[in-house]
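Quick mapping for you: the protein sequence lines, in order, are chains A and B. Take the first sequence: its letter number 479 is residue 479 in the numbering used here, and every next letter is one higher. Take the second sequence: its letter number 110 is residue 110 in the numbering used here, and every next letter is one higher. Yeah, the Cβ is synthetic: ideal placement off N, Cα and C, and Gly gets one too.
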Amino acid sequence: MSELRPFGERYATALADPDVRGGLTAFQRGWRVSRDAAIADLEAQEGRSFDELRAELAAIKDGVLANWEHHIDTFTANATAAGAEVVRVATPGEANALVTERMQAAGADLIVKGKSMVSEEIGLNSHLEAAGIIPVETDLGEWILQLAEETPSHLVMPAIHKRKEVIAELFERVLERPFPADDIDRMVKAARTELRERFLASSVGLSGANALISEGGSILLVCNEGNNRMSVALPKLHVVTAGIEKLLPTYADAMKQVRLLGRSATGQPITVYTNFLTGPRPGQEQLIILLDNGRTAMAEDPDVAAALRCIRCGACADVCPPYGVVGGHAFGHVYTGAIGLVNTSFHHGIEAAAGPQSLCVSCGACATVCPVDIPLPVQILEVRATVARAGAAGSAGTVTRAALSAFQHPALVGLGLRAVGLLSTPLRRDGVTALPAVLTTRGPLATRIGWRSPPAVPLRPARDTLRPGRLEEPPRLADQPLAGRKVQLFLQCLSDRIAPDIPIAAARLLRAAGAQVTVPREQHCCGLPAYDSGEQDTARDMVRQTMAALADGADVVTPASSCLAMLGHDAPHLLRGDLGEVERAQELAGRTYDLISYLATGPGRLPAGSLDDGDRTPVTVHRFCQASNTLGRTDAIEAFLRDVAGVPVVPLPEAGECCGFGGSTSVRNPELSAGILDRKLGCLDRTEASVLITDNPGCILHLRGGVHASGREVEVLHLAEYLVRRLPGATSMSQED
Amino acid sequence: MTEPTVQDDPPTATPGRALLRTRVEAAASTYHELPGWEEVAAHAAALADRIALAPSLHAAQPDLATSLEALGCTVVVPGTEDPGADVADVPVAIVGGVLAVAETGSVLVTEHELRDRVVTMLCKRLLQVVAATDVVGRLEDAAEWLAPRGGQAGFASLMTGPSRTADIERSLTIGVQGPDEVDVLVLVGTDAATEEPTT
Ligand code: SF4
């Protein structure tokens with residue numbers, strides 16, 4: 001099997017292969033349907049929610065780590081009693097040497113392998129090949145990759161990045177007979193015939209372990225194809241490679257894992273073969289290699305220890321938007337998907353972990369499906385911070401760091417953007433900057449910028465327009481839920497300077513509902529961009545600055561849900577080193593709202609029909625990903641539009657999936673961002689709506705740019721912008737002519 | 001011939017079997033309730049004239065081979081020398097299960113010895129036989145069976161449907177390194193079968 005190439009190369013190859021994106025989008029959609037149905041069935045069967053079930057499994061796994069040595073010892077004693085030999089090794093080198101040594105001692109030159117991620121982790125195949133031993137992968141996907149000289153791109157579906165046409169060609173070349181691309185059955189049967197000979201000829205077999213059950217010394221080994229059963233049964237020596245985190249105390253615990261594993265991996269209630277192996281069969285030897293390779297270090301780091309709960313189901317890749325564009329060869333190292341962004345630095349080093357970090361959009365989708373409830377998004381940001389501190393290749397780098405550091409100073413930002421605004425005035429159209437075609441369609445910049453028209457940069461920031469007395473009084477609503485209530489508007493740095501219409505519209509709406517709106521002058525940026533880039537010191541400074549600016553105990557309302565995710569969710573975590581700061585962050589979080597929750601369920605709750613102006617033009621709604629995934633919001637905007645504004649809402653398919661703006665991705669990896677946006681716009685087309693509403697300014701600028709550049713005729717509006725138009729006697733709200 | 005004893009509380013047994021049937025069929029196996037081993041032999045003989053028996057089943061049910069032979073079948077019981085060659089591509093094989101789990105439609109089969117394992121791995125169609133009294137509700141019931149056997153060499157497998165793969169474009173294909181077809185046969189004895197025996 002080939003060695004992993006450098007990240008940049010893997011990323012470029014993935015982008016250049018149209019099969020990758022096309023195939024993975026279909027795969028992710030199919031997985032979602034099966035998995036959701038299977039989990040719904042499970043919830044009904046157990047009478048408990050997914051969250052309760054995964055919390056239970058997570059607690060079991062955490063319990064093992066709390067008493068780790070005891071469980072390792074118990075497992076070892078029981079497995080040994082059943083006739084196995086258990087060896088603990090610290091490094092991949094030791095594991096590889098041990099397998100090679102045993103094979104040479106047995107005079108074996110062929111090894112049949114069931115799927116084992118640990119054997120991939122340690123690079124066993126290339127090590128064996130160097131020693132003149134032939135490893136044969138027997139899982140169909142792994143075998144295909146071995147023939148193609150590639151590595152797995154997914155934890156469960158290793159060859160999912162390959163289309164059947166490509167596999168058919170590969171089979172034709174290797175097996176020298178015709179394989180029609182539509183005849184998958186023929187390909188599968190060919191693999192069966194080819195592999196059966198190897199099974200019967202091999203004297204050594206290798207498997208991984210889905211769990212090590214300490215109460216009985218048993219190995220839990222699941223598979224659908226049956227290949228694993230053959231590779232552990234037929235040979236005279238059975239080698240098991242497993243990470244030491246794979247322990248479970250009891251068989252009953254194993255059943256809890258089984259219930260969640262199959263459903264999360266493939267949407268099956270259980271895999272076809274769920275095997276419990278205790279010791280070798282008569283006439284066989286069994287060698288169980290327990291590998292550390294960074295796992296102890298993970299357990300000792302409270303920021304990532306929970307990642308050791310992972311049961312390698314692959315779900316975190318199956319919902320990951322960037323994974324859907326570039327696949328696992330780019331999104332991950334040996335371990336792919338979100339978990340790969342966490343554990344790679346421990347198993348393969350910081351340099352290996354650095355490249356893929358920049359592909360994560362921080363949308364939070366992975367955490368919603370992980371069956372062991374690993375806080376993946378938070379952990380990814382922690383690893384990113386480590387990568388940034390180490391200055392590893394592929395980390396944010398000095399330019400980004402300098403930019404983020406300059407961004408801390410509102411005056412500098414204001415000056416710079418005003419200059420851009422003045423320069424780009426002649427190109428401003430409908431809220432975007434129409435770039436000259438010579439830049440977007442030809443030349444080296446086309447793929448990096450052509451897919452999205454950049455936002456028009458206005459001449460005056462929102463904070464100036466919103467100075468007391470400058471803005472005309474809006475019409476009043478009949479109901480005044482906020483009469484006499486003081487509201488501090490948190491503008492969001494991006495909107496303030498680049499999309500001022502959004503906070504201005506929010507201010508007008510709040511005033512129309514009776515609020516006294518103030519705009520604290522010291523406010524700037526909540527720190528999210530810095531946090532996303534792994535620059536945690538800068539992020540902390542910005543959070544502190546924001547907390548000071550909003551210290552007045554009045555409600556804080558922001559039109560940017562991303563700031564709520566930061567102030568309400570991430571800030572206490574980021575400041576966890578100082579309990580006093582955590583308390584202040586929590587106090588602020590308690591009185592901070594995004595506009596929709598303030599008006600739909602919070603103190604500014606508007607009665608049904610109060611913004612109904614009779615317009616029934618259907619709209620559709622993109623759900624800001626972090627609001628869905630991190631803040632747990634579901635259909636709040638849709639319901640509000642229907643009930644309060646009286647407007648029909650056409651559901652947007654995959655409404656809660658990231659639009660591609662997320663994190664710093666759209667700047668650092670524009671091709672990837674364009675791929676995610678493309679999927680979103682494809683879903684938008686299916687609604688046939690002419691108005692797209694959402695509530696995060698970053699998404700709006702990104703979607704507007706994509707709609708404009710692709711020539712679509714859809715108006716993209718912030719919820720506030722849409723709603724102010726429905727105020728009694730409303731006229732155009734644009735601040736500039 | 002083993003007559004399964006009637007359960008103390010048949011009303012709970014039947015819903016268990018109803019669920020088992022649903023789950024077995026959902027896993028792409030077929031489900032049959034048969035009075036006893038004679039009918040198992042008839043079911044197998046109707047499918048092929050060469051039938052493999054797992055050695056552990058043959059030891060426990062020596063009459064089964066006799067019944068099959070009386071129905072004109074050649075019976076293969078793999079030996080210890082080269083068990084794989086003995087059963088390579090046998091069309092139909094029969095194995096006994098220690099219990100069946102209704103929740104998942106799985107049959108728990110123990111096959112410590114290689115000559116037992118080759119039967120379930122290499123045949124084309126596998127008949128899994130389990131007594132109605134051994135139908136349990138949940139996976140934890142299987143865990144309860146496994147727990148006291150911990151620390152002793154053994155191999156137990158929850159089998160759920162025929163072998164399959166979706167490794168190529170997530171397209172489901174039945175029959176990889178294991179049987180293409182699986183029949184779950186539940187021995188109900190004098191307990192009322194919910195289906196006419198297959199002949
Ligand atoms: S991190 Fe969670 S979702 Fe991802 S592979 Fe591991 S268990 Fe599955």
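Among residues of its own chain, excluding the 5 on either side of residue i, which ones have a beta-carbon nearer than 6 Å to its beta-carbon?
| i | result |
| --- | --- |
| B/Ala54 | Val95, Asp116, Val119 |
| A/Trp451 | Ala674, Ala709 |
| A/Pro235 | Ser202, Ser203, Val204, Gly205 |
| A/Gly123 | none |
| A/Ile39 | Phe50, Arg263 |
Near residue i, what residues of its chain come up, given a Cβ to Cβ distance below 7 Å and the 5 sequence neighbours on each side ignored?
| i | result |
| --- | --- |
| A/Ala181 | Lys164, Glu165, Ala168 |
| A/Lys113 | Ser119, Pro135, Val136, Glu137, Thr138, Leu206, Ser231 |
| A/Ile219 | Ala209, Leu212, Val240, Leu277 |
| B/Glu69 | Val75 |
| A/Leu672 | Pro322, Val325, Val326, Leu359, Thr665 |
Taking 8 Å as the threshold (beta carbon to beta carbon), is residue i in contact with chain B?
| i | result |
| --- | --- |
| A/Glu172 | no |
| A/Ile160 | yes |
| A/Pro18 | no |
| A/Leu774 | Nothing about residue 774 of chain A can be read from this structure; chain A reaches only from 1 to 737. |
| A/Glu657 | no |
| A/Val87 | no |
| A/Ala82 | yes |
| A/Leu237 | no |
| A/Glu197 | no |
What's the gap between the Cα of residue i and the Cα of residue j?
| i | j | result |
| --- | --- | --- |
| A/Ala354 | A/Asp532 | 14 Å |
| A/Asp253 | A/Asp685 | 46 Å |
| A/Gly729 | A/Arg476 | 10 Å |
| A/Leu212 | A/Thr592 | 46 Å |
| A/Phe50 | B/Pro78 | 46 Å |
| A/Val33 | A/Pro653 | 12 Å |
| A/Asp737 | A/Cys360 | Residue placement at A/Asp737 is poorly supported in this model, since its pLDDT is 34, which falls under 50; the coordinates are not used for a value here. |
| B/Val188 | B/Arg138 | 20 Å |
| A/Lys61 | A/Thr271 | 21 Å |
| A/Ala12 | A/Leu290 | 36 Å |
| A/Glu194 | A/Cys370 | 36 Å |
| A/Ala749 | A/Trp68 | The structure shown does not extend to residue 749 of chain A, since chain A is modelled only from 1 to 737, so the question has no answer here. |
| A/Gly577 | A/Val487 | 30 Å |
| A/Gln735 | A/Thr465 | Note that A/Gln735 scores a pLDDT of 42, beneath 50, so its modelled location is shaky; the value from the coordinates is reported in the next line. Their backbone Cα atoms lie some 8 Å apart in a straight line. |
Does any residue of chain A have a CB that is nearer than 8 Å to the CB of residue i?
| i | result |
| --- | --- |
| B/Arg170 | yes |
| B/Gly161 | yes |
| B/Arg50 | no |
| B/Leu57 | no |
| B/Glu113 | yes |
| B/Leu164 | The residue asked about is misnamed: residue 164 of chain B is Arg in this sequence, not Leu. Output row for B/Arg164: interface = yes. |
| B/Arg117 | yes |
| B/Thr74 | no |
| B/Ala156 | yes |
| B/Leu20 | no |
I'd like to confirm the pairing. Which residues does DSSP put opposite residue i in its beta bridges?
| i | result |
| --- | --- |
| A/Thr518 | A/Gln488 |
| A/Asp182 | BP columns for A/Asp182 are empty, so no partner. |
| A/Phe346 | DSSP lists no partner for A/Phe346. |
| A/Glu285 | A/Leu237 |
As a quick exercise: from the options, pick the residue whose alpha carbon is nearest that of residue i.
| i | options | result |
| --- | --- | --- |
| A/Pro777 | A/Gly590, A/Cys659, A/Thr538, A/Glu715 | Residue 777 of chain A is absent from the structure shown; chain A starts at 1 and stops at 737. |
| A/Thr694 | A/Glu472, A/Arg5, A/Ala720, A/Cys683 | A/Ala720 |
| A/Arg725 | A/Thr266, A/Ala506, A/Ala106, A/Glu69 | A/Ala506 |
| A/Arg605 | A/Gly226, A/Glu587, A/Pro618, A/Val644 | A/Val644 |
| A/Val667 | A/Pro454, A/Arg54, A/Thr386, A/Ile244 | A/Pro454 |
| A/Asn227 | A/Thr274, A/Ile244, A/Ala242 | A/Thr274 |
| A/Gly391 | A/Gly364, A/Gln379, A/Ala352 | A/Ala352 |
| A/Arg584 | A/Leu287, A/Ala549, A/Ser562 | A/Ala549 |
| A/Asp537 | A/Arg384, A/Leu287, A/Pro559, A/Gln586 | A/Arg384 |
| A/Glu121 | A/Gly332, A/Ile72, A/Leu237, A/Ala315 | A/Gly332 |
| A/Cys625 | A/Val619, A/Thr634, A/Pro618 | A/Thr634 |
Given residue i, which residues of its chain have a CB within under 8 Å of its CB, disregarding the five upstream and five downstream residues?
| i | result |
| --- | --- |
| A/Met733 | Note that A/Met733 has pLDDT 43, beneath the 50 cutoff, so the model's placement of it is unreliable and the number below is only indicative. The residues are Asp501, Ile504, Ala505, Arg508, Glu721, Val724, Arg725. |
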